[in-house]
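Trainee: Letter 85 of the sequence shown, counting from 1, is numbered 84 in numbering that gives the first Met the number 0, and no numbers are missing. Let me give you the structure first, and then I'll get to my questions.
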Amino acid sequence: MQIIEQDFLSHIGKYKGILFLCHRNADPDAIGSAFALQQAFGGTLGVVEDLSKSGQSLADAIGADVEINPSIEDFEFVVVIDASVNLQLGNVKLNKYAVIDHHLDDILLKDAEFYIQRPINSTAEIVWKILKNINFQINEEIALGLLLGIISDTGRFRRASPEALRTAAEILEASDLIYEDALRVLSAPMDVSHRIAVLKAASRSDIERFGNWLVATTEINAFEGSSAMALVDLGADVAFAASAHNGLCRVSGRASWEAVRNGLNLADVMREVAKAFGGWGGGHRGAAALEANGRPSVFLEECRRKAAESLISRQEI
Ligand SMILES: [Mn+2]
């Protein structure tokens, strides 16, 4: 059942022993959102498998007590944060659960006891609305968590909507947090292996031109997301970076604002390509990923073809 933020308290209030569960490679939006809800409603903050580097920096900065791979059966109720697909949860078996998320996927929604899902910049904005409705007084740690969720999911406000900007301002006003201090948590330099991976992704990339659109593809061993983002920063309209591990291929896609404005939806592209190979794909219009069994070159070709089709068909109209 879909609910609105105002109704969260009456629904969650029915349960004791709540686990707020973040997806694997939990990022600042997932950690900040789950931490805020756990502080406000009690319960446990859990993460499937691991935290991303920036997710870990945030968890350290706010002193979050994170349980890695919690056993689901120990909890009466699970609230899945910032994800709507099982694969993001390492296929854990959920019993009674809710979802709070801002992606375009829907796999987990139909069996949820209740869910809040809107296609906005960050989950943190939804959580802020929940807390505001119960007049919850946030402390500096909660403010930092929610703000960093918004900052990182908007690409430091480059893709921010009015709601994201307004929420960030409200969070700052409601706490003693200084914006500059918040940014410092995210400014840890990339480690050398990360930078090598991104530079290799750029130097090995293939670039194809479709009309005035440039689509870049590349194969790497790790850091697909930052590699695709770097290629867009360098001038590609759309970039796909793929890696393979034991036959399982993972592709991350990123698109420029112009490409998204032109109607490109990478979540659709990834979903369709993955589905044809029995895998999973989804995410946002401008940032999405897929996982499926097969060769990276095959997936990159399919992703490029579908993205180009979408961009060119709209340009000719
Ligand atoms: Mn998010």
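Every residue, glycine too, gets a C-beta built ideally from N, C-alpha and C. Keep in mind it's a predicted model, so treat the numbers as computed, not measured.
Does DSSP classify aspartate 100 as helix, strand or coil?
Mentor: Three-state DSSP puts aspartate 100 in a strand.
Trainee: Serine 121: beta carbon under 7 Å from a heavy atom of ligand 1?
Mentor: Serine 121: yes, Cβ under 7 Å from ligand 1.
Trainee: Check whether the Cβ atoms of leucine 44 and alanine 63 sit closer than 8 Å, and answer yes or no.
Mentor: In contact: leucine 44 and alanine 63 (Cβ atoms closer than 8 Å).
Trainee: Count the other C-beta atoms from every protein chain shown that fall within 10 angstroms of the C-beta of phenylalanine 156, then say buried if there are 16 or more, exposed otherwise.
Mentor: By the 10 Å Cβ count, phenylalanine 156 comes out exposed.
Trainee: Ligand 2 and aspartate 105: does the residue's C-beta get closer than 7 Å to at least one heavy atom of that ligand?
Mentor: Absence of ligand 2 from the depicted structure is noted, with ligand 1 being the only ligands included.
Trainee: Based on DSSP bridge pairs, tell me the residues matched to glutamate 218.
Mentor: Ala241, per the DSSP bridge assignment.
Trainee: Tell me whether leucine 265 is buried or exposed, calling it buried when 16 or more other Cβ atoms sit within 10 Å of its Cβ.
Mentor: Label assigned to leucine 265: buried.
Trainee: Are the Cβ atoms of phenylalanine 239 and valine 250 separated by less than 8 Å?
Mentor: In this structure, valine 250 lies closer than 8 Å to phenylalanine 239 by Cβ.
Trainee: Just the C-alpha distance for alanine 258 and arginine 117, rounded to the nearest angstrom, thanks.
Mentor: Taking the straight line joining both Cα atoms gives about 22 Å.
Trainee: Is histidine 193 near ligand 1, with its Cβ less than 7 Å from a heavy atom?
Mentor: For ligand 1, not one heavy atom lies less than 7 Å from the Cβ of histidine 193.
Trainee: Suppose contacts are defined by Cβ-Cβ distances below 8 Å. Is glycine 281 in contact with alanine 287 by that definition?
Mentor: Yes, the pair counts as a contact, with Cβ atoms nearer than the cut-off.
Trainee: Measure the alpha-carbon distance for glutamate 112 versus lysine 92 and round it to whole angstroms.
Mentor: Answer to the nearest angstrom: the Cα atoms are 15 Å apart.
Trainee: Just how far apart, CA to CA, sit valine 237 and leucine 213?
Mentor: Cα-Cα distance, rounded: 7 Å.
Trainee: Does the stretch 126–134 come into contact with the stretch 7–14, if we say contact requires no fewer than three beta-carbon pairs (one atom in each stretch) closer than 8 Å?
Mentor: Contact holds: three or more Cβ-Cβ distances are below 8 Å.
Trainee: So for isoleucine 67, helix, strand or coil by DSSP?
Mentor: Strand, per DSSP.
Trainee: Quick one: is isoleucine 149 buried, meaning 16 or more other Cβ sit within 10 Å of its Cβ, or exposed?
Mentor: With 16 or more other Cβ atoms within 10 Å, it is buried.
Trainee: Whole alpha helix (DSSP H) runs in the stretch 8–80 with 4 or more residues, listed along the chain?
Mentor: The stretch 8–80 contains these whole alpha helix (DSSP H) runs: 27–40 and 52–61.
Trainee: Roughly how many whole angstroms lie between the Cα atoms of glutamate 218 and methionine 228?
Mentor: Spanning the two alpha carbons is a distance of roughly 14 Å.
Trainee: Looking only at C-alpha atoms, which of Asn292, Ala235 and Leu310 sits nearest to arginine 260?
Mentor: The shortest C-alpha separation from arginine 260 is found at Leu310.
Trainee: So the alpha helix (DSSP H) valine 91 belongs to, where does it begin and stop?
Mentor: Neither: valine 91 is in no alpha helix (DSSP H) and is coded neither H nor E.
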